[in-house]
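When you line the sequence shown up against the numbering used here, it's residues 2 to 197, in that order.
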Amino acid sequence: MAINTKLVIPIATVIVIIGISLLLFNPITNGVQQEEKVFIVVGYYWGFALYDEEFNRIDQIVVNQGDKVKIYFFNARSFSEEFYSQLEEESITMGVGGLSGDDLREKIIEAVSTGQVDHGLQITEFRVFIPTNYRNFSGEAKSLSEFFEIEDEEAIEQQAITFVADKPGTYDFVCYIVCGYGHAYMIYEDALRVVG
């Protein structure tokens, strides 16, 4: 059986051109290579703390449309008591759901004693859902940098989720795991901004 080379070469050429075109002119990236942006989010009773990849606290995660976004999500209680107490003190001082001070401290103690310790990060529009799994870590790190040095690398990577920020706008972070009294209030409005 003879192969018709008059057809094979043009068809192969068309397939190669289509493949290259799809790679270069992806509508999500507009022909630009996706840049991965890395952030860390720490869930605590009852809020989220946002950090850039150099462990600086930030108010909002800002990325460009088409960026590949990698978020590590940890529970404050995966760190030392000193670390998580500072974050929880923010909730106690600012108040949650009409409670503050000692009343809120009691609600935190109640949540811990009933096993409602984990939190979940949900970004609905990007189908991001990731739990904290705080028991996978030692609870010894006093900072984010120390956490990445002393904790198991595989366990850390299991706490990462990657997605493409393909929709411009601002997006809320919501806790989707019941975590005691303040669960319904654990929302960080406009936590993520995608610039189009």
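A virtual CB, placed ideally from N, CA and C, is assigned to each residue, including glycine.
Membership of Glu190 in the beta strand (DSSP E) is indicated by the continuous run Ile188 to Val196. For Lys108, the uninterrupted alpha helix (DSSP H) segment begins and ends at Gly102 to Ser114. In terms of Cβ geometry, Gly183 and Val97 form a close pair [threshold 7 Å]. Of the candidates Glu37, Glu89, Arg194 and Gln66, the residue whose Cα lies closest to the Cα of Val43 is Glu89. The DSSP assignment places 37 to 45, 48 to 53, 62 to 65 and 69 to 76 as complete runs of the beta strand (DSSP E) inside the region 37 to 85, in order along the chain (cut-off: 3 residues). Under DSSP, Gln123 takes part in a beta bridge, and its partners are Phe130 and Val175. In this chain, the alpha helix (DSSP H) harbouring Phe149 covers Leu145 to Ile151.
Taking 7 Å as the cut-off, the Cβ atoms of Lys71 and Thr163 count as close. Here Gly197 has Gln66 and Pro169 as same chain residues with Cβ atoms under 6 Å from its own Cβ, once five neighbours each way along the sequence are excluded. Between the C-alpha atoms of Glu190 and Gly48 there is a straight-line separation of about 11 Å. Partner residues in a beta bridge of Phe138, as assigned by DSSP, do not exist. For Ala156, the enclosing alpha helix (DSSP H) has its first and last residue at Glu154 to Glu158. Put simply, of Ile151, Gln160, Arg106 and Leu193 the residue whose alpha carbon is nearest the alpha carbon of Thr125 is Leu193. Here Ala166 carries a coil assignment [DSSP, helix/strand/coil]. Here Tyr46 really is in contact with Ser92; their C-beta atoms are around 6 Å apart, less than 8 Å.
Rounded to whole angstroms, the gap between the alpha carbons of Tyr135 and Asp153 is 13 Å.
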